[in-house]
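These protein sequence lines are chains F, B, S, R and V, in that order. Using UniProt numbering, you'd call the opening residue of the first sequence number 1 and step up by one each time. Using UniProt numbering, you'd call the opening residue of the second sequence number 1 and step up by one each time. Using UniProt numbering, you'd call the opening residue of the third sequence number 1 and step up by one each time. Using UniProt numbering, you'd call the opening residue of the fourth sequence number 1 and step up by one each time. Using UniProt numbering, you'd call the opening residue of the fifth sequence number 1 and step up by one each time.
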Amino acid sequence: MTKKKLSSKTHKNKKSKLHRKTGKAPGTVTYMGKREGAASRVTIINYNSSDYEVHKADSVEAAIKHQKPAMLQWVDVVGISDEKFVENLGTHYGLGALVLEDAVNTQQRPKIDEYENYIFGVFQMLYISDDNELVAEHVALALVKNGVLVFQELEDDVFEGVRERIKNKAGRIRNRNSDYLFFALLDAIVDNYFVVLEHLNTRIEALEEEVYENPRQEVAHKIQELKKDVLKVRRWIFPVKELLSRLIDSESELINKDTKMFLRDALDHSIEINESLQIYREMSMSLMEMYMSNMSNKMNEVMKVLTIMASIFIPLTFIAGVYGMNFDNIPELHWEYGYFIVWGIMIMIFIIMAIYFKRKNWL
Amino acid sequence: MTKKKLSSKTHKNKKSKLHRKTGKAPGTVTYMGKREGAASRVTIINYNSSDYEVHKADSVEAAIKHQKPAMLQWVDVVGISDEKFVENLGTHYGLGALVLEDAVNTQQRPKIDEYENYIFGVFQMLYISDDNELVAEHVALALVKNGVLVFQELEDDVFEGVRERIKNKAGRIRNRNSDYLFFALLDAIVDNYFVVLEHLNTRIEALEEEVYENPRQEVAHKIQELKKDVLKVRRWIFPVKELLSRLIDSESELINKDTKMFLRDALDHSIEINESLQIYREMSMSLMEMYMSNMSNKMNEVMKVLTIMASIFIPLTFIAGVYGMNFDNIPELHWEYGYFIVWGIMIMIFIIMAIYFKRKNWL
Amino acid sequence: MTKKKLSSKTHKNKKSKLHRKTGKAPGTVTYMGKREGAASRVTIINYNSSDYEVHKADSVEAAIKHQKPAMLQWVDVVGISDEKFVENLGTHYGLGALVLEDAVNTQQRPKIDEYENYIFGVFQMLYISDDNELVAEHVALALVKNGVLVFQELEDDVFEGVRERIKNKAGRIRNRNSDYLFFALLDAIVDNYFVVLEHLNTRIEALEEEVYENPRQEVAHKIQELKKDVLKVRRWIFPVKELLSRLIDSESELINKDTKMFLRDALDHSIEINESLQIYREMSMSLMEMYMSNMSNKMNEVMKVLTIMASIFIPLTFIAGVYGMNFDNIPELHWEYGYFIVWGIMIMIFIIMAIYFKRKNWL
Amino acid sequence: MTKKKLSSKTHKNKKSKLHRKTGKAPGTVTYMGKREGAASRVTIINYNSSDYEVHKADSVEAAIKHQKPAMLQWVDVVGISDEKFVENLGTHYGLGALVLEDAVNTQQRPKIDEYENYIFGVFQMLYISDDNELVAEHVALALVKNGVLVFQELEDDVFEGVRERIKNKAGRIRNRNSDYLFFALLDAIVDNYFVVLEHLNTRIEALEEEVYENPRQEVAHKIQELKKDVLKVRRWIFPVKELLSRLIDSESELINKDTKMFLRDALDHSIEINESLQIYREMSMSLMEMYMSNMSNKMNEVMKVLTIMASIFIPLTFIAGVYGMNFDNIPELHWEYGYFIVWGIMIMIFIIMAIYFKRKNWL
Amino acid sequence: MTKKKLSSKTHKNKKSKLHRKTGKAPGTVTYMGKREGAASRVTIINYNSSDYEVHKADSVEAAIKHQKPAMLQWVDVVGISDEKFVENLGTHYGLGALVLEDAVNTQQRPKIDEYENYIFGVFQMLYISDDNELVAEHVALALVKNGVLVFQELEDDVFEGVRERIKNKAGRIRNRNSDYLFFALLDAIVDNYFVVLEHLNTRIEALEEEVYENPRQEVAHKIQELKKDVLKVRRWIFPVKELLSRLIDSESELINKDTKMFLRDALDHSIEINESLQIYREMSMSLMEMYMSNMSNKMNEVMKVLTIMASIFIPLTFIAGVYGMNFDNIPELHWEYGYFIVWGIMIMIFIIMAIYFKRKNWL
Ligand SMILES: [Mg+2]
Ligand SMILES: [Mg+2]
Ligand SMILES: [Mg+2]
Ligand SMILES: [Mg+2]
Ligand SMILES: [Mg+2]
Ligand SMILES: [Mg+2]
Ligand SMILES: [Mg+2]
Ligand SMILES: [Mg+2]
Ligand SMILES: [Mg+2]
Ligand SMILES: [Mg+2]
Ligand SMILES: [Mg+2]
Ligand SMILES: [Mg+2]
Ligand SMILES: [Mg+2]
Ligand SMILES: [Mg+2]
Ligand SMILES: [Mg+2]
Ligand SMILES: [Mg+2]
Ligand SMILES: [Mg+2]
Ligand SMILES: [Mg+2]
Ligand SMILES: [Mg+2]
Ligand SMILES: [Mg+2]
Ligand SMILES: [Mg+2]
Ligand SMILES: [Mg+2]
Ligand SMILES: [Mg+2]
Ligand SMILES: [Mg+2]
Ligand SMILES: [Mg+2]
Ligand SMILES: [Mg+2]
Ligand SMILES: [Mg+2]
Ligand SMILES: [Mg+2]
Ligand SMILES: [Mg+2]
Ligand SMILES: [Mg+2]
Ligand SMILES: [Mg+2]
C-alpha cells in the first residue's frame with residue numbers, strides 16, 4: 001500500500017527517502033514515495049461542449065496519440081514511481097526537468113509555480129479510504145494550453161465529482177477552458193480538506209469525553225498524537241491559501257478573469273479551513289491542560305482518602321496502644337466500665353473527625 | 001429551532017453539513033443551516049424622505065411587484081432554506097450565483113465583497129433570545145443601487161432600532177441613500193457584539209468566584225468551555241474590523257464619502273470589541289492557571305492535615321507500643337508512677353510537635 | 001465618585017453602560033460615565049505672548065462670550081454628563097456630532113482623528129488622587145484654529161504644570177500657537193503614564209517578596225489582579241504611540257513643523273512606556289510561575305516531614321508490636337537484657353534512618 | 001579536533017573567542033575557530049566543457065599560478081586558521097577586508113552579501129562524520145567572475161557530489177558558468193540540512209519512547225538538550241531562506257537568469273526544512289509536557305499504592321489494638337469464638353475496602 | 001557609585017527619577033542618573049592623518065578654545081550631572097534643547113536621530129568593571145561636521161581600543177572623516193555587547209548545573225532573576241539593530257558611502273547578538289520548566305520512600321497486633337513454634353513486597 005495514513009509511523013521510511021536525492025544534480029526526476037515498481041497508467045478524457053471521450057493507455061506513446069487539437073484534454077497519470085514514464089510524458093507536454101522532479105517528489109510541500117507555457121502545482125489530497133481511514137496522497141497538477149495533467153500515486157482520488165460533471169454536462173465545465181478544469185480540480189482538493197476538519201473534530205470530541213471520564217495515560221498519549229497530526233495537516237494545508245491568493249493575482253494568460261472569481265471562492269474556503277485548524281490546535285492544547293487538571297483532581301481525591309483514613313484511625317490506634325501497655329499501675333484498666341468508656345471516647349473522636357472532614361468538604 | 005446557541009454541541013450536525021457541498025459545482029446555492037423546510041417570507045420597506053410603506057410577501061413575484069423607482073427599498077428575507085426562492089429573488093436584483101451560494105451558506109465566515117453593481121456581506125448577528133440565551137444567527141446583506149437586501153434565518157434580529165428610526169424619521173436615515181441604510185444595518189450588528197462581551201464577562205466573573213470558593217472539576221470544565229467559546233466568537237468577530245476597513249478604502253461608487261465617516265465609527269467599535277475579546281481570552285487562560293494553583297493549594301492543605309496527624313501520633317503510638325511489650329524485665333513497668341510519667345512524656349511530645357507545626361505556619 | 005480606580009470591580013456598571021448606546025443612531029451624544037447629573041463648568045484661559053486672562057463660566061453662552069480674536073483660547077470643560085451642554089459648546093467650535101459623541105463616551109478607546117478644521121483626540125489620564133490612589137479619567141482634546149478644547153469628567157487633572165507655564169511665561173508656550181498647547185497637554189498626559197509604571201512596579205515588587213516569604217492563596221489572587229490591571233492599562237496606553245506617530249506624519253495645516261519635533265519626543269516616551277509595560281507583563285507572568293514553584297517546594301517540604309516521621313517510627317513500632325505478641329514461646333522475652341537489647345536495636349535503626357535522610361539532604 | 005559537535009559543551013571555548021575581536025579595528029582578519037596552527041591547503045579544480053584538471057597547492061603563490069583564463073576555477077581552501085594565507089589569497093581574487101574577516105570568523109551567522117565584483121556567503125555545513133556524529137562546519141563561498149572560492153575549516157565537506165559531477169561531466173555543470181557552480185555548492189549545503197532533520201527526528205522518536213516507557217530524570221535532561229539543539233540549528237538554517245530569496249531577486253550580473261530557476265528550487269527546500277524544524281520545535285516542547293504528565297501519572301500510582309495499603313491495614317491494626325488492651329473487663333475476650341469472630345470482621349473489612357478501591361478503578 | 005549593576009534593585013531609585021521630569025517643559029535639560037554633584041570633565045582629542053593632540057578641560061570655555069579647523073575633534077565629556085555644563089557645551093556645537101535633554105537623560109531608550117547638521121544617538125555601554133561586575137552605562141554620541149561629541153557618566157568606557165588606534169595610527173581611522181570615528185565608537189559599543197552574552201551564558205550554565213544537582217528554592221529565584229535580566233538587556237540591545245539599519249539607509253550628508261559598509265558590519269553583529277539573546281531567553285524559560293520537572297522528580301522519590309516503608313511495615317505491624325490481642329482462645333499462641341512461624345510469614349511478606357517494588361522500579 002502506498003497510502004499515507006495520518007498518525008502512522010512513517011518517519012523511518014522518510015529517512016531513507018530524504019537521502020535518495022542528496023548528491024544528485026537538481027532536475028533529476030526521483031520518485032520519493034513508497035510504491036516503487038508499480039506501472040504508470042494514464043486515463044485521458046477529451047471533451048468540448050459537444051463531444052466527450054475517455055481513453056486508457058499504458059505507455060507514453062499510446063497516451064500521446066489520443067491528443068486532439070479541437071478538444072480539451074485531462075491527462076490523469078496514476079502511479080508515478082516509473083520515473084522515465086513521467087519524464088517522457090511530461091517532456092512531451094513541455095514541462096521542465098525541475099517541475100517533473102517535483103511531480104514525483106512525494107515529499108514536496110504544496111506549491112504553485114507559473115511558467116511561460118504552463119502552471120504547475122503540487123498538493124496533498126486528503127480523503128477517506130474504502131476501509132474508512134483518512135488518507136493523504138501526493139498529487140501534482142499542470143495546466144497547459146489545451147488541458148490539464150494530473151500526476152497521482154493511487155487509483156483513488158477526490159476528482160470523481162469533476163468527472164461526473166464533465167460526463168453529464170453538469171454546471172459550466174463543458175463550456176469552459178482548461179483553466180476552469182484546473183480550478184475545478186483545485187476546488188475538489190480544497191473542498192475535501194473539510195474531511196480533515198471532521199476527522200480532527202471527531203477525535204477532539206472523543207478525547208474530550210475520555211479526559212473527563214477516564215484520564216488514563218493513553219489519553220495523554222492520544223492527545224499528543226492529535227497535536228502532532230494537527231501540526232502535520234496544517235503544514236499541508238496552510239500554504240494553500242497563499243498559493244491560491246498568488247494565483248488570483250497572477251497575470252498569466254492561461255487563466256481567464258472569470259475563473260479567478262471561482263478561485264476567490266476556493267481561497268475563501270481555504271482561509272476558513274486554516275482558521276478551523278488554528279482553533280483545533282488551541283483546543284488540542286487545552287485538552288492536555290484539562291488532562292493535567294483532571295490528573296491533579298484525581299491525585300487530590302487519592303490523598304483525601306488516605307488522609308481521612310489515617311487521620312481517623314491513627315489517634316484511635318494510639319488510644320488502644322495506651323491501654324495495651326503493661327504498667328503495673330494503670331488505674332483505668334481496673335475500672336468496671338473502663339473498656340466501654342474508652343470505646344465511647346473512640347467513637348466520639350471518630351464522629352468529631354468525620355464532622356471535621358465533612359465541613360472541609362472532603363467527604 | 002434553528003438558532004445556534006453558544007456552547008452547545010453543534011459539531012455533530014456540522015459534519016453532515018460540510019459534506020453537503022463536497023462534489024457540487026461552485027455556485028450551487030446550497031442551504032447549510034438546520035431550519036430546512038421552512039418557507040421564506042419577505043418584508044419590504046419602501047421609503048424616501050417623505051413617504052414610508054411596509055409590505056409583506058410570500059413569493060418572489062409578490063415581493064418584486066412592490067419595487068418602486070422613486071423609493072429606497074429594504075428587502076428583508078426571513079428563512080433561507082428554500083434555495084430556489086433565494087436564488088430567484090437574488091437573481092432578480094442582479095446578485096451572482098457564487099454570492100447567493102454564500103447568502104444561504106450558514107457556515108460562511110464573515111466577508112464583504114465588492115462587485116460592479118452591488119456590495120455583498122456575510123456576518124453573524126449576536127443577540128439575546130426571548131428565553132435569555134445568547135444566539136448567533138447567520139445574516140447576509142447586499143447593497144444594491146436602490147436598496148438593501150437582507151437574508152436571515154430567523155424572525156428575530158438586531159435591526160429593530162433601524163426600523164424604528166426609518167418609521168419615526170429619527171436621525172438622518174430617511175434623508176440618505178441606500179449606502180446609509182447598509183451602514184445602519186452593519187452598525188446595528190457591530191453594536192450588538194457588545195452583548196457577547198457582556199455575556200463572556202459575566203461568565204468570567206462567575207468562574208472567577210467559583211475558582212476561589214469551590215474549585216471542583218466542573219469549574220475546570222466550564223473554563224475550557226469558556227475558552228472554546230471565546231475562540232469561536234473571536235473567529236466570527238475578528239474579520240469584521242478588516243472588512244470594515246477595506247470597505248472604507250473602497251472606491252465603489254455605491255458608497256458616499258460621508259457614509260464612510262460613519263463606517264469609520266463602526267470600525268472604531270469593532271477594534272474595541274476585538275481588544276476586549278483579546279483580554280477575555282487572556283483572562284480565561286489565567287482562570288485555568290488560577291484553578292490549577294488553587295488545586296495545588298488544596299492538595300497542600302490535605303497533605304498538611306495528614307502530616308500533622310501522622311507526625312504527632314506515630315511517635316506516641318510507638319511509645320505505647322514499647323510499653324506494651326512483654327519482656328520479663330522492663331523496669332519502668334514496675335515504677336509506681338511509670339504510667340503517669342509516660343503520659344507526661346507523650347503530652348510533652350504532643351506539645352513540642354504542635355509548636356513545631358505552628359512555627360512552620362501549618363496550623 | 002466618578003473616578004475609575006484600577007483593580008476595582010467596574011464590570012457590573014459597564015454592562016448597563018454598554019447598552020445605553022445599542023439601537024441609537026450614530027452621532028447621538030450619550031454620556032457613558034458614572035457621574036450623571038453633575039453640572040458642567042468651563043474654565044477659559046485666553047493668552048498670547050503679552051496678555052493672559054482666566055474666566056469661569058457655567059453656561060455655554062457665558063463661555064462663548066469670552067472668545068477673543070487676538071488671543072489663543074484654552075477651553076477646559078469639567079463635567080461632561082450634561083450632554084446638551086457639551087453638544088452646544090462643541091457645535092459652536094465646529095465639532096461634528098460623531099466627535100462630540102466620542103467626547104462624552106467614557107468607554108471610547110484612545111484615538112486621534114483629523115478633520116478639515118480640527119484635530120480631535122480621546123485619552124485616559126492616569127494620576128494619583130488626593131487619597132493616594134491611581135485614578136484613570138477620560139479626557140477629550142480638540143485642537144481648533146485658535147485654541148484647544150478639553151473635555152474632562154473631574155476637577156483633578158494632569159495639566160497643572162501647563163497652567164503654571166502659561167501663567168508664569170515659562171518655556172516657549174506663550175510664544176507659540178494652539179498646536180503647541182495641544183502638544184503640551186498631550187505631553188502632560190503621556191508623562192503621567194510613568195505614574196502607572198511606578199504603581200505597577202511597586203505592586204510587582206511587593207508581590208515578589210510575598211511570593212518568596214508567604215505564598216498563600218491570596219498572593220495568587222493578587223498576581224491575577226495584577227495581570228488583569230497590566231492588561232487593562234496596556235489597552236489604554238498601547239494605542240497612544242501609534243496615534244502620536246500618525247499625528248507626526250499628518251499633513252494637517254493645524255500642526256507646525258517644529259511642534260512635530262516635540263511630538264516626536266512624546267512619541268519616544270510613549271514607546272518607552274509600552275516597552276516597560278511589556279516587561280511588567282512578562283514579570284507578572286513569571287510571578288505566577290514562581291508562586292507555583294514555591295507551592296511545589298512547600299509541598300515537597302511537607303511530604304518530607306511526613307516521610308521522615310513515618311519512615312523512622314513505622315519500623316520501630318513494628319518491633320514493639322512483635323514483642324507485644326502473646327505467644328507462649330518467645331525466647332527473647334525471657335532474656336535478662338532482652339528489653340535493653342531491643343531498645344539498642346531501635347536506637348540503631350533510628351540513627352541509620354537519620355543518616356540516610358541526612359545523606360538525601362532531607363534533613 | 002575542530003569539528004563542532006551538536007550538543008557538546010562548546011560554550012566555554014566560545015567565550016574566549018568572542019573576546020578575540022573586541023577592540024580590534026573592523027576588517028582585521030581574525031580566525032575565531034578551534035583549529036589554530038594548522039596549515040592551509042588549497043585544491044584547485046579548473047574546468048570547462050572540454051577540459052578538467054586538479055591541482056594541489058600549499059602556498060598562495062603556488063595556488064595563484066594555476067589560474068587559467070579560459071577555464072572556470074574552483075579554489076577550495078581547507079584550514080583557515082592561517083589568517084595571513086587567507087588574506088593574501090582573498091586579496092588576489094579581489095575580496096575586501098571585511099569579507100575576509102567574515103570568511104575566517106567561524107562565529108559569523110549565515111549571510112550572503114553582494115559586491116560589485118563578487119558575491120560572498122557564509123554558511124554552516126552540516127554532515128555526518130566518519131565516526132557517525134553530526135558535524136557543523138563553518139564554510140565561506142565567494143563567487144567571482146571566473147570561479148568560486150571556498151574557505152572551509154576541515155578536509156570533510158558536503159561537496160563530493162559536485163566534484164563527481166564535474167569530473168564525470170554529469171548534469172549541466174560542465175557547460176555552465178561559475179554562477180552554476182556557486183549554486184551547486186549552495187544546493188549541496190541545503191540538501192545536507194535534511195541530515196539534521198533526520199538526526200533530530202531520530203532523537204525525538206527515541207525520546208518519545210523513553211518518555212512513555214521510562215520517564216527518568218535523564219529523559220527530561222535529554223529533552224532540554226534536544227530543545228537547545230533545535231534552537232541552535234534553527235539559528236543556522238533559518239536565515240538561509242531569506243538569503244536565497246534575496247539572491248534570487250538580486251540584479252547582480254554575476255548570476256544568470258536560468259541559474260535563478262535552480263536557486264528557486266533550493267529556496268523551496270530551505271523553506272521546507274524550516275517548516276520541519278518548526279514542527280520539531282513544537283514536538284520537543286510537547287515531549288516535555290508529556291514527560292511532566294507521565295511524572296504525574298507515576299506519582300498518582302505511587303500514591304494509590306500507599307493509600308490502598310494504608311487504608312486497608314490501618315483500621316485492621318486498630319481493631320487488633322483494641323483487643324490488645326489490658327482492661328480487666330473486656331467481655332469479648334472471653335467469648336469462645338471471639339478471636340475467630342474478630343478475624344471474620346477483619347476479613348470482611350478487607351474485602352469491603354478491596355471492592356471500594358476496585359470500584360474507584362485504583363486496583 | 002553611579003554604575004548600574006545588572007540584577008541590582010534599582011527600581012526604588014528609578015521612581016523618584018521618573019518624577020523629576022513630570023510637569024517640566026519639554027527640552028528642559030534634566031539629569032536623571034544617580035551621580036549628582038560630580039563635576040564634568042572634558043577630554044579633547046584632535047587629529048588628522050598627520051597630527052594628534054590630547055587636551056583636558058574643566059570648563060566649557062577651556063574646552064571650546066581647543067577646537068581647530070583643520071583637525072577632527074573627539075570631545076569626550078565624562079560626568080553629565082552638571083546640566084548647565086552640558087547645555088552650554090552642546091549649544092556651542094549646535095545641538096538642540098531636546099537633544100541635550102536626551103543626552104543627560106540616563107533613562108532614555110536607545111535612539112539615533114538625524115538632524116540637519118548633526119546625528120545624535122543614545123545607547124547603553126555594557127562592560128566589565130574593575131571589580132569584575134557587568135556595568136551598564138548611559139552614553140550619548142553626537143556626530144557633527146568636524147568631530148564627535150561623547151557624553152558619558154563615568155570615567156570607564158569601551159572606547160580604549162579606538163583611542164589606541166587613533167594614537168597609534170592603526171587601521172584606517174586617522175585617514176578618515178568624523179563619520180568613521182562615529183562608526184568606530186558605535187562599533188566598540190556593539191562589540192562589547194558580546195560581554196553580556198558571555199555574562200548571561202555563564203549564569204545559564206551555572207543554573208543548569210544547579211537545577212540538576214541541587215534544585216533548591218534559591219535556584220528558582222535565580223532563574224527568575226536571570227529572566228528579568230535577559231528582559232532588561234534585550235530592551236537595551238533590541239533597538240540597536242533597527243537604529244543601525246535606519247542609519248545605513250539614511251541620506252544624511254554626514255555619512256559617507258564607504259562608512260556605511262562598516263555600519264553594515266556592525267548591523268550584522270547586532271542582529272547576531274539579538275538572536276543569541278532570543279535563544280538565552282528561551283533557554284532561561286526552559287530552565288524554569290526543568291526546575292519544576294526536577295521538583296516533581298524529587299517529590300516522586302520522597303513519596304516512593306514513604307510508600308515503600310509504609311507498605312512493607314503496615315501489614316507486618318498488623319500481624320504483630322493480631323497476636324498481641326488478649327483473647328482467651330487464640331490457638332496459634334500456644335503452638336510451640338507459633339512465634340517462629342509468624343516471623344517466617346512476616347519475612348516472606350517483606351520479601352514479596354520488596355520484589356513487588358523492585359519490579360515497579362521503585363527500588
Ligand atoms: Mg502521529
Ligand atoms: Mg541536489
Ligand atoms: Mg523537493
Ligand atoms: Mg490517487
Ligand atoms: Mg463562496
Ligand atoms: Mg469549493
Ligand atoms: Mg462549547
Ligand atoms: Mg465544490
Ligand atoms: Mg463557502
Ligand atoms: Mg433573524
Ligand atoms: Mg465614535
Ligand atoms: Mg456603532
Ligand atoms: Mg500554561
Ligand atoms: Mg448605533
Ligand atoms: Mg464609541
Ligand atoms: Mg479631570
Ligand atoms: Mg527626548
Ligand atoms: Mg514628555
Ligand atoms: Mg509555562
Ligand atoms: Mg571591532
Ligand atoms: Mg562577525
Ligand atoms: Mg570541510
Ligand atoms: Mg523542486
Ligand atoms: Mg536541492
Ligand atoms: Mg508549557
Ligand atoms: Mg534582577
Ligand atoms: Mg514634560
Ligand atoms: Mg526621555
Ligand atoms: Mg564612562
Ligand atoms: Mg564590530
Ligand atoms: Mg563582518
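Yeah, the Cβ is synthetic: ideal placement off N, Cα and C, and Gly gets one too. Being a predicted model, the structure only gives us computed values, none of them experimental.
Quiz item: How would you call B:Pro-239, buried or exposed, if buried means at least 16 neighbouring beta carbons within 10 angstroms?
Solution: Within the second sequence, residue 239 of chain B is the residue found at index 239, counting from 1. Burial of B:Pro-239 is indicated by the presence of at least 16 other C-beta atoms within 10 angstroms of its C-beta.
Quiz item: At what residues does the beta strand (DSSP E) containing V:Ile-112 begin and finish?
Solution: Here residue 112 of chain V refers to the residue found at position 112 of the fifth sequence. Looking at the DSSP string, the run of the beta strand (DSSP E) that includes V:Ile-112 is 111-114.
Exercise. Given a cut-off of 8 Å, decide if S:Ile-112 and S:Glu-121 are closer than it, judged by their beta-carbon atoms.
Key: If you number the third sequence from 1, residue 121 of chain S lands on position 121. If you number the third sequence from 1, residue 112 of chain S lands on position 112. The sequence shown places Gly at residue 121 of chain S, rather than the Glu named in the question. Yes.
Quiz item: Under a CB-based cut-off of 8 Å, is F:Asn-13 close to chain R?
Solution: Reading the first sequence from its first residue, position 13 is the one you call residue 13 of chain F. At F:Asn-13, the pLDDT of 43 sits below 50, so the modelled position is not reliable; the number obtained from the coordinates is stated separately. With 8 Å as the cut-off, F:Asn-13 does not count as an interface residue toward chain R.
Quiz prompt | Contacts around R:Ile-223, its chain only, beta-carbon distance under 7 Å, and the 5 residues preceding and following it disregarded | solution = Within the fourth sequence, numbered from 1, the residue matching residue 223 of chain R stands at position 223. Contacts found: Leu-207, Ser-284, Leu-287, Met-288 and Tyr-291.
Practice problem: Return the residues of the region 329-359 of chain V that lie within a Cβ-Cβ distance of less than 7 Å from chain R, sorted by chain order. | Solution: Asn-329 and Ile-330
Practice problem: Run through the region 44-109 of chain S for me and flag every whole beta strand (DSSP E) of 3 or more residues, listed as ranges in chain order. | Solution: 52-57 and 72-78
Self-check item: Proximity test, Cβ basis, 8 Å: R:Ala-220 and chain F
Solution: One-based indexing of the fourth sequence puts residue 220 of chain R at position 220. Not closer than 8 Å to any Cβ of chain F, the Cβ of R:Ala-220 fails to qualify, so no.
Quiz item: Nearest-angstrom Cα distance between S:Thr-30 and S:Glu-101?
Solution: Walking along the third sequence from the start, residue 30 of chain S turns up at place 30. Walking along the third sequence from the start, residue 101 of chain S turns up at place 101. Whole-angstrom Cα-Cα distance: 6 Å.
Quiz item: Are there three or more Cβ pairs, one per stretch, closer than 8 Å when the region 177-194 of chain V is compared with the region 124-138 of chain V?
Solution: yes
Quiz item: Alpha carbon to alpha carbon, what distance is there between V:Met-299 and S:Glu-301?
Solution: For the purposes of this step, residue 301 of chain S is identified with residue 301 of the third sequence, where counting begins at 1. For the purposes of this step, residue 299 of chain V is identified with residue 299 of the fifth sequence, where counting begins at 1. About 9 Å.
Quiz prompt | Span of the beta strand (DSSP E), counted from its first residue to its last, around V:His-138 | solution = Translated into the one-based positions of the fifth sequence, residue 138 of chain V becomes position 138. First-last of the beta strand (DSSP E) with V:His-138: 134-144.
Quiz item: Helix, strand or coil: how does DSSP classify R:Gly-121 here?
Solution: Taking the first residue of the fourth sequence as 1, we reach residue 121 of chain R at position 121. Note: R:Gly-121 maps to strand in three-state DSSP.
Self-check item: DSSP-derived helix/strand/coil call for R:Leu-126
Solution: Numbered from its first residue, the fourth sequence carries residue 126 of chain R at position 126. Looking at R:Leu-126 - three-state DSSP - the assignment turns out to be strand.
Quiz item: Can you tell which of F:Ser-50, F:Ala-103, F:Met-32 and F:Gly-96 has its C-alpha closest to the C-alpha of F:Asp-76?
Solution: Numbered from 1 along the first sequence, position 76 holds the residue referred to as residue 76 of chain F. Checked all of F:Ser-50, F:Ala-103, F:Met-32 and F:Gly-96; the closest Cα to F:Asp-76 is F:Ala-103.
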